[in-house]
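Undergrad:
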Amino acid sequence: MIKELSKLKLKRVIGLMSGTSVNGIDAVLTEIEGSGPGTRVRIIAFRILPYPEELRERLFRIIDRGETSLAQICSLNFEIGEAFARAAIEISREGRIPLRGIQLIGSHGQTLFHMPPREAGDRYASSTLQLGEPSVIAERTGVTTVADFRPRDIAAGGEGAPLVSYVDFILFGGKGRNLALQNIGGIANVTWVPGEGGLDEVVAFDTGPGNMVLDEAAKRLSGGKVRMDRDGDWAAEGRVDEGFLKRLMDDPYLTMASPKSTGRERYGVSFTERVLKEARTRKLKDEDIMASLTALTTRSISKAYRDFLLKDRPIDEIVLSGGGANNRFLVETLSRDISPIPITRIDRYGIPAEAKEALAFAVLANETVCGRANNVPFVTGARRRVILGKIIPK
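Going by the UniProt record's numbering, the first residue of the sequence shown is number 1, and it counts up by one from there.
1. Here's the rule I'm using: 16 or more other beta-carbon atoms within 10 Å means buried, otherwise exposed. How should residue 324 be labelled?
2. Quick one: give me the first and last residue of the beta strand (DSSP E) that residue 149 is part of.
3. How many whole angstroms separate the CB atoms of residue 212 and residue 267, which I take to be in contact at a CB cut-off of 8 Å?
4. So, is residue 116 buried or exposed, given that buried needs 16 or more other C-beta atoms within 10 angstroms?
5. Are residue 308 and residue 258 touching if we call contact CB-CB under 8 Å?
6. Buried or exposed for residue 124, please, with buried defined as at least 16 other CB atoms from any protein chain shown within 10 angstroms of its CB.
7. Assign residue 225 to buried or exposed, taking buried as 16 or more other Cβ atoms, counted over all protein chains shown, within 10 Å of its Cβ.
8. Between 334, 366, 28, 252, which has its C-alpha nearest residue 7's C-alpha?
9. I need the DSSP call for residue 41, collapsed to helix, strand or coil.
10. Please determine, among 230, 67, 336, 107, the residue with the shortest C-alpha to C-alpha distance to residue 80.
11. If you measure between the beta carbons of residue 42 and residue 101, is that distance less than 8 Å?
12. Leaving aside the five residues before and after residue 337 along the sequence, list all residues of the same chain whose C-beta is less than 7 Å from its C-beta, in chain order.
13. Could you check how far apart the C-beta atoms of residue 25 and residue 84 are, in whole angstroms? I think they sit under 8 Å.
14. Which residue from 390, 91, 53 puts its Cα closest to that of residue 15?
15. Identify whether residue 300 lies in helix, strand or coil by the three-state DSSP scheme.
16. Tell me, please, whether the region 267-287 touches the region 52-71 by the rule of three or more beta-carbon pairs shorter than 8 Å.
17. Please report the straight-line C-alpha distance between residue 375 and residue 153, rounded to a whole angstrom.
18. For the beta strand (DSSP E) holding residue 397, just list the boundary residues, first then last.
19. Distance, Cα to Cα, residue 179 vs residue 345?
20. What residues in its chain sit with their C-beta under 7 Å from that of residue 294, if we drop five residues either side in the sequence?
21. Using the C-alpha atoms, what's the distance from residue 88 back to residue 132?
22. What is the DSSP secondary structure of residue 98, reduced to helix, strand or coil?
23. List, from N- to C-terminal side, the alpha helix (DSSP H) runs of 4 residues or more that fit wholly inside the region 323-380.
24. For residue 343 and residue 144, what's the separation of their Cα atoms in angstroms?
25. Alpha carbon to alpha carbon, how far is residue 255 from residue 9?
26. Where do the N-terminal and C-terminal ends of the alpha helix (DSSP H) with residue 55 fall, by residue?
27. Looking only at DSSP bridge pairs, what is residue 192 linked to?
28. Thinking just about the alpha-carbon of each residue, which of 71, 379, 289, 155 is nearest to the one in residue 191?
29. Would you mind sorting residue 71 into buried or exposed? The rule is 16 or more other CB atoms within 10 Å of its CB.
30. Under the DSSP definition of a beta bridge, which residues are partnered with residue 83?
31. Check each candidate in 2, 160, 165, 245 and name the one with the smallest Cα separation from residue 127.
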């Protein structure tokens, strides 16, 4: 069955992703032609399906506070699998292609905990855990499903992230321009792809916090009335407190060389609570806090470029994706911080800004069933190239 699937020149593939912001499931339906360099994609439909609030709150209690039991984790794995299956069914309806006309699903799942080698230390095994049982997805949809991409890279000695860098290279590399593909989700990450050159020249890493700290701060400062600073309007009313920002920028992660990756373990609720406590001791206004936290995201990105990219890797254009691309004030601030490098949205390349990572896991699934190694050892720190993911036949 998998051999037959690998021989198909054109496949309709669903990509499913839920990131560190834990807002819901990004679902994309795409046509993928070929595999490896030269792969072509066409997006048919994309939508975001929010998690039920009760499920989202349970996830936050586990991820941010460790309030859980084995029974709850066991149940959640299947509950989230059902949610991902519903997302696949919904996107097939939206794209007006029946499930029987879809050949493959690639599901990232929902990260519960991510502990790469540097975080694990001597006490724990390097490991990662994504919930969203792929057997449930395959059973409910009748479509072969590829999932659990990160563990194989960690087993090979890598960070298990970032994985999107491989997709960035096959879709954007070798086109004559050096690009920095900057995603701003809960965490911000960058992939530098050369205009000319091979996969071994790609550089990628998590630059630091993206929307995660901003969203949590907005929720707390508003007393739960808002879940985000839409368009950055709140931050735009304030002024950056440079002393406060300097303290935030002293974070050791921001000076750490790659390979490196991060998540809610570092920049989740506990981090935001500490940050807001310090802001209160400095008697900062709410709008000044939001402005300073926006600057934390943009300056950590620009610092990463100057420290780890621009010294020997020129950038012709920054291609922006993720929910942060919709934050007008954040994008304007980043443009000033990184000037004179031009910034464009990935939409210009035919990919909706918030669809990029779901699309990436559709492409990774295609590479997996085609038998292609799809990690980037120089990026993740893995010992060798490996084929990522587990395949659940229909």
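C-beta atoms are modelled at their ideal positions from N, C-alpha and C, and glycine is treated no differently.
TA: Short version:
1. buried
2. Taken as a continuous stretch (DSSP letters only), residue 149 belongs to no beta strand (DSSP E), as it is neither H nor E.
3. Contact flag correct, Cβ pair sits at about 5 Å.
4. By the neighbour-count criterion, in which 16 or more other beta carbons inside 10 Å mark a residue as buried, residue 116 falls on the buried side.
5. yes
6. Exposed: under 16 other Cβ atoms inside 10 Å.
7. exposed
8. 366
9. strand
10. 107
11. no
12. The beta carbon of residue 337 sits closer than 7 Å to those of 298, 299, 302, all from its chain and outside the five residues before and after it, given in chain order.
13. 6 Å
14. 91
15. helix
16. yes
17. 7 Å
18. The first residue shown for the chain is 1 and the last is 394, placing residue 397 beyond what the model contains.
19. 12 Å
20. Excluding sequence neighbours, residue 294 sits near 214, 232, 235, 329, 330, 333.
21. 12 Å
22. coil
23. Counting only runs of 4 or more, we get 328-338, 356-369, 377-380.
24. 38 Å
25. 44 Å
26. Looking at the DSSP string, the run of the alpha helix (DSSP H) that includes residue 55 is 53-65.
27. Per DSSP, the beta bridge partners of residue 192 are 180, 203.
28. Of the candidates 71, 379, 289, 155, 379 places its Cα closest to the Cα of residue 191.
29. Answer is exposed; the Cβ neighbour count stays below 16.
30. DSSP, once it has assigned bridges, lists no residue as partnering residue 83.
31. 160
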